[in-house]
Each structure stands twice: as structure tokens, then as C-alpha cells.
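One structure is given below, encoded as C-alpha cells.
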Amino acid sequence: MSITEIGLALASCAVVMALVAWWSFRQASEDVSTRDGYFLAGRHLGGLFIAGSLLLTNLSAEQLIGLNGSAYGFDMSSMAWEVTAALATIAMALIFLPRYLASAFTTLPEFLASRFDRDVQRLSVILFMLGYGLVTIPSILYSGSIAVIRLFDIPELFGISQFEALVVTILVIGSIGAVYAVFGGLKAVAVSDTLNGVGLLIVGALVPVLGLIALGEGDLLSGLRTLLSEHPDKLNAIGGEQSPIPFGTIFTGMIFANLFYWCANQYVIQRTLAARSLAEGQKGVLLSGFFKILVPFFMMIPGVIAFHLYGPGLASIDQAYPALIRDVFPVWMMGFFLAVLFGAVFSSFNSLLNSAATMFTLDIYAPMRKTALSEQQTVRIAMIASVVIALFSFCVAPLLWFAPEGLWQVIRIFTGFYNIPIVVIVLVGLFARHTPAMAAKIVIIFHVITYGLLKFALADWVTLHFLHIYAILFVIEVAIMLLAGRIAPRQQAWQLEDNHLVDMTPWRHARPVAFTLLSLVVLLYLVFSPIGLASEAPGPGFYLALTALAAANIACWLWAGRGPQSSRDERS
29 MSITEIGLAL ASCAVVMALV AWWSFRQASE DVSTRDGYFL AGRHLGGLFI AGSLLLTNLS
89 AEQLIGLNGS AYGFDMSSMA WEVTAALATI AMALIFLPRY LASAFTTLPE FLASRFDRDV
149 QRLSVILFML GYGLVTIPSI LYSGSIAVIR LFDIPELFGI SQFEALVVTI LVIGSIGAVY
209 AVFGGLKAVA VSDTLNGVGL LIVGALVPVL GLIALGEGDL LSGLRTLLSE HPDKLNAIGG
269 EQSPIPFGTI FTGMIFANLF YWCANQYVIQ RTLAARSLAE GQKGVLLSGF FKILVPFFMM
329 IPGVIAFHLY GPGLASIDQA YPALIRDVFP VWMMGFFLAV LFGAVFSSFN SLLNSAATMF
389 TLDIYAPMRK TALSEQQTVR IAMIASVVIA LFSFCVAPLL WFAPEGLWQV IRIFTGFYNI
449 PIVVIVLVGL FARHTPAMAA KIVIIFHVIT YGLLKFALAD WVTLHFLHIY AILFVIEVAI
509 MLLAGRIAPR QQAWQLEDNH LVDMTPWRHA RPVAFTLLSL VVLLYLVFSP IGLASEAPGP
569 GFYLALTALA AANIACWLWA GRGPQSSRDE RS
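Numbering-wise, the sequence shown is residues 29 to 600 according to this note's numbering.
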């Protein structure tokens with residue numbers, strides 16, 4: 029790119045980002061003066077904004093680079109993280125969300141305080157804050173900045189070192205994200221995420237199309253035929269033991285990792301707690317599940333195309349997507365692409381920042397006060413906390429540059445210290461109403477110690493995939509809580525509070541839509557399997573399975589259309 033082209037790209041990027049910021053703050057201008065307004069967008073979010081915010085909160089530049097690199101270097105097995113997440117969105121929409129909205133809490137630790145006691149609330153906040161502050165927020169800034177640097181070769185463009193480019197990119201991305209989180213609250217975050225999400229979908233659709241045209245030397249259909257006929261093993265999502273994600277892990281720890289992320293992770297569920305009704309919340313959550321189904325096409329097929337274009341000779345698999353973008357994406361659209369890329373990175377950052385500030389204010393600072401905080405004081409403390417956490421993350425993120433590879437791997441699996449115990453105590457807490465608070469405390473302490481020993485101290489002897497370790501610990505910890513409930517049950521069974529602040533009428537199409545979403549997950553694994561595209565030609569078994577799926581969906585929708593959905597209260 030010439031200096032003029034670089035200038036035009038940066039200028040158009042700035043214009044797009046400015047328009048997104050203007051519209052986001054305009055929409056959020058009336059929702060930042062009160063507690064519910066700042067933390068939960070006034071409980072007025074509709075399904076589209078919930079879905080858009082969930083999409084951008086979940087997807088970032090790291091996945092653009094990492095998933096495409098995995099497809100380039102291995103196969104499609106890494107799509108499991110994205111595709112199977114759709115199952116967790118179904119659980120969230122039908123099981124967790126009705127109970128969450130009925131309880132009308134703002135943070136998950138607040139719910140745990142009402143279900144168990146203040147000590148469980150404090151322990152969960154410690155786990156979340158340590159995970160967010162020391163690992164998740166800095167690593168998102170770091171990995172997102174690295175992605176931007178790789179895609180646009182910033183050191184070469186501006187004549188600075190790699191580390192200087194990293195620091196500058198972290199400050200730019202972090203500062204923009206912090207502005208949304210500090211001054212706009214959740215509403216500004218959700219609106220900007222939705223607008224950037226539309227951009228991400230446009231870019232995501234363009235890249236594989238342009239890649240196929242390049243592969244076919246100007247002919248889209250020719251490129252598609254090459255993709256489907258040559259190296260069909262690259263289109264296999266049924267991972268073996270040497271694949272990034274062995275297929276068996278989908279049925280063990282990945283289930284529980286996704287349940288935590290989509291059903292019990294504060295920075296994800298916070299936008300669903302802001303739904304203006306149960307029906308809108310269910311629409312948003314399920315729509316986000318359909319977006320996850322698209323991820324393999326947007327974030328993995330380009331990696332396979334890159335393999336066909338460049339062969340296996342790239343120095344690193346992480347160079348596959350940047351190389352493809354530089355070769356096939358029009359120069360005049362690079363500014364738009366850069367804006368979308370920045371949006372994808374800082375959306376995850378500002379969502380985490382907003383949620384961390386929410387938990388600090390409501391679960392740490394407020395309970396320590398002898399007098400109640402006013403609405404204005406609560407918002408002001410949250411703003412100050414956001415600034416402090418942001419500045420702290422600006423300091424920590426660049427230090428990852430100096431970390432040895434082993435430490436980086438530790439960071440990548442660090443969420444294992446808190447994801448499984450949180451989802452265990454939430455699940456058991458909701459459905460085993462006699463389980464005492466002591467059981468939750470035992471599980472948290474047990475998990476932190478045991479997981480640390482298995483993954484680090486005993487790593488040379490325990491060679492199980494970390495997702496299998498998740499599953500084993502999940503089963504053990506559920507058993508601990510249920511056993512505690514039998515030995516020393518609560519004197520009075522816990523009851524879900526009826527604090528309805530929004531309409532709790534469920535969406536009448538939620539169940540058939542959920543069934544269709546589940547069917548699409550199965551369909552993707554049929555398509556990207558040895559009986560589908562990962563073979564010379566799909567056999568009769570493939571078409572028989574497709575027919576069965578289609579028939580099951582038709583039957584489900586006909587059954588659902590027989591009459592209005594029962595008004596039975598789904599909160600019980």
C-alpha cells in the first residue's frame with residue numbers, strides 16, 4: 029500500500045468509527061444516570077441489540093487469526109468451540125434466562141449471595157476479578173493488538189519496533205473501548221457492538237467470496253470446485269487425537285466450558301439481564317446461536333482457501349489470514365475492514381471492563397459501606413473503577429510480550445481456575461434447593477487447588493486434555509455439593525424470588541427455533557465430516573441424514589403450530 033492509500037484507509041476507518049460512536053452515545057444518552065441505566069441499559073435492550081452485543085463480545089481479532097490459522101494448518105475441528113456454543117445458547121434461553129430475569133439481579137455474585145450467602149458472593153467475585161483483571165482483559169488487549177499488527181504490518185508502516193507498535197495499538201484500542209464502557213454504560217456498549225457486528229458479518233461474507241474468486245483465477249464457481257475437490261481432509265471437523273480439538277472433547281469438558289461462558293459468565297450474561305422482556309431476551313440469545321453457526325464459514329473456510337492458495341509453506345499458521353486479506357481484499361475497503369477489526373477487538377475489552385466495574389461497585393464496594401449508595405454515587409464509583417481497571421490493563425497487557433511461551437500457555441488455560449466451579453454452584457444452586465452454602469465454598473476451594481495441581485504441579489504425569497479434566501472435575505464437584513446437601517441440608521429449602529421487573533411471557537417460538545438451531549449444529553458436523561465434504565463424494569448416508577433432519581424440523585414446527593404455547597410459568 030502506498031502512503032496515499034494508507035492515509036485514505038486510516039481516514040475512512042476514523043470516519044466509520046466516529047459514526048458508530050456518535051450513534052451509540054446518542055442511543056445511550058438517557059440511560060447512564062441511574063444504576064439500572066448504567067449497568068443494565070435501563071432493562072430496555074431488545075433482541076437484536078442483545079444478539080449483536082453477544083456476537084461482538086464473543087468474537088474478536090484473535091479468533092479471526094487463530095481459527096483461520098487452525099484451519100490452514102490442521103483441519104476444521106476447532107470449529108467446535110464456536111458451533112457447539114449454540115447448544116449453550118439454547119440452555120441459556122430456555123433454562124437459565126427465565127430464572128435470571130425472574131430474580132432480577134444485576135450481577136451473578138449478587139444472585140449467589142441470595143442463593144447461598146455473602147461469603148460465596150465474595151469468593152466468586154475474587155475468582156472473577158482475578159481472572160478478568162490479571163488474565164482476560166490484558167490478554168484480549170494483547171492478542172487483539174497482535175492481530176492488528178500482523179494484518180497491517182504497523183511496524184513497517186510507521187517505522188517503529190514491534191514492541192512500540194504493540195504499546196501504541198494497545199493504548200488506541202483500550203482507550204476507545206474504555207470511552208464506551210466509562211461514559212456510555214452497557215447501552216453504548218451494546219449499540220456499538222451491534223453496529224460493529226453488522227460490519228463483521230459483511231467482512232466475514234466478503235473474505236471467503238473474494239478468496240474463492242482468487243482461487244478460481246477470477247471464477248467463483250471454479251474456486252469453489254477446487255475447494256471441494258482438492259485436499260478434502262482439510263474440511264473435516266471430526267478431529268482425531270492429533271487435531272487441535274479431538275472430537276471426544278465435545279461431549280466432555282467443552283459442554284461445561286460453554287455452559288459457563290454463555291450461562292454463568294458475568295460479562296456475557298449481563299446484556300441478557302438487560303432484556304426488556306423474557307421474549308426479547310430469548311430472541312437475542314437464540315439469534316446469537318445462529319450467528320455462531322456462521323462462524324466456520326467466516327473464520328475457518330478462509331484458512332482452508334489460504335492453504336489452497338499458498339500451500340503449507342507459510343512460516344506460521346497465524347500468517348494465513350493476514351496474507352489472504354492483503355492479497356484479496358480491495359484497497360479501497362481496507363479502512364472499513366480496519367474499523368471492523370478494531371470494533372471486534374475493543375468490543376470484548378469494553379464488555380469486560382463494564383462487567384468488572386459492575387462487580388466491583390455492586391459486589392465489593394457497596395457491601396462494605398455502612399450507608400447505601402445513591403444512584404449518582406453508584407454510577408460515579410463505577411466510572412472511577414472502569415478507569416482504574418483500564419489503566420491497570422494498559423500496564424499489564426504489554427508485559428505479555430516478554431513472557432516465555434510456557435507462561436502464555438498458562439494464561440490461555442487460566443480460566444479453568446474459575447469457570448467450572450462457578451457453573452457447578454450455579455447449576456446445583458438453581459436445581460438442588462436444599463444444598464447449603466458450605467458446599468459451594470468447599471467446591472471453590474477444592475477446584476482451585478485440584479486444578480492447579482493437575483495442570484501445573486502434576487502436568488508431567490497427568491496427560492489428559494484439559495477439556496477432559498474439566499469434565500472430571502465437574503462431575504466430582506457436583507457430587508460434592510449434592511452429598512453436602514444430603515449430609516447437612518438447609519433447614520429451609522431455597523425459593524427463587526419473584527422480583528419481576530420485566531414481562532416474563534416466554535417467546536412462543538422459542539422451543540421450535542431452539543430445535544432448528546440444534547439441527548443446524550448436527551447438520552454442520554454432517555457437512556464437515558468424512559461422510560460429507562471431507563470425502564471424495566458424499567454417500568447415501570449423508571443424504572439420508574439430511575432428509576431425517578429436515579423431516580424432524582417440519583414435524584417440530586407443525587407440532588409447535590398446533591396451538592398457542594402453554595402459559596405455564598417456566599420459572600418453576
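Each residue gets a CB set at the ideal place from its N, CA and C atoms; glycine is no exception.
Because the structure is a prediction, the values reported are computed rather than measured.
Where Glu403 is concerned, the enclosing alpha helix (DSSP H) starts and stops at 403–424. Remark: C-beta atoms of Thr533 and Ser305 approach each other more closely than 8 Å. The shortest CA-to-CA distance from His462 to any of Leu482, Ala516, Ile448 is the one to Ala516. Beta-bridge pairing by DSSP links Ser305 to Asp531.
Contact check for Gly589 against Phe144 fails: the beta carbons are separated by 8 Å or more. Distance between Ala334 and Tyr349, taken at the CA atoms: about 7 Å. In the three-state scheme derived from DSSP, where H, G and I count as helix and E and B as strand, Leu263 is classed as helix. About 6 Å separates the CB atoms of Lys320 and Val111; that is less than 8 Å, so the two are in contact. For the set Thr478, Ala351, Leu199, the Cα lying nearest the Cα of Gly239 is the one of Ala351. In the three-state reduction of the DSSP assignment, Leu342 falls in the coil class.
Per DSSP, Ser142 is one residue of the alpha helix (DSSP H) stretching across 136–143. Selection Ser142, Trp50, Ser105 evaluated against Asp391 yields Ser142 as nearest (Cα-Cα).
With a threshold of 16 other beta carbon atoms within 10 Å, Glu269 falls short and is exposed. Counting along the chain, Asp355 sits inside the alpha helix (DSSP H) bounded by residues 348–356.
Residue burial annotation: Gln523 is exposed, with fewer than 16 other C-beta atoms found within 10 angstroms of its C-beta. Bridge partners of Leu73 according to DSSP: Ala303.
Taking Glu505 as the centre and dropping the five residues before and after it, the same chain places the C-beta of Ile448, Pro449, Val452, Val471, Phe474, His475 closer than 8 Å to its C-beta, in chain order. Your pair Gly444 and Tyr393 does not check out as a contact, with CB atoms roughly 28 Å apart and the cut at 8 Å. Shortest Cα-Cα distance from Val163 to any of Gly341, Phe377, Ile182 involves Phe377. Judged by DSSP in its simplified three-state form, Ser383 adopts helix. For Asp64, the three-state secondary structure derived from DSSP is helix.
Under the three-state reduction of DSSP, Tyr446 is assigned to coil, being neither helix nor strand.
Look at Lys398 here: in three-state DSSP terms it is coil, with no helix or strand label. DSSP assignment within the stretch 481–563 yields no whole beta strand (DSSP E) run of 3 residues or more. Between Ala121 and Val313, the C-beta gap is smaller than 8 Å, which places the two residues in contact. Two segments are said to touch when three or more pairs of C-beta atoms, one from each, lie closer than 8 Å; by this definition the stretch 480–489 does not touch the stretch 163–172. In this structure, DSSP gives Thr478 a helical state, which the three-state scheme calls helix.
No residue range can be given for Tyr393, since it is assigned to no alpha helix (DSSP H) and is classified by DSSP as neither H nor E.
When secondary structure is reduced to three states using DSSP, Asn96 falls in the helix class.
Between Asp221 and Ser88, the beta carbon gap of about 11 Å keeps them out of contact (Cβ cut-off 8 Å). In the three-state DSSP reduction, Phe459 falls in the helix class (H, G or I).
Going by DSSP, Ile198 is part of the alpha helix (DSSP H) stretching over 190–207.
Shown here, Glu245 sits in coil according to DSSP, grouped into three states, outside any helix or strand. For Phe570, the enclosing alpha helix (DSSP H) begins and ends at 568–588.
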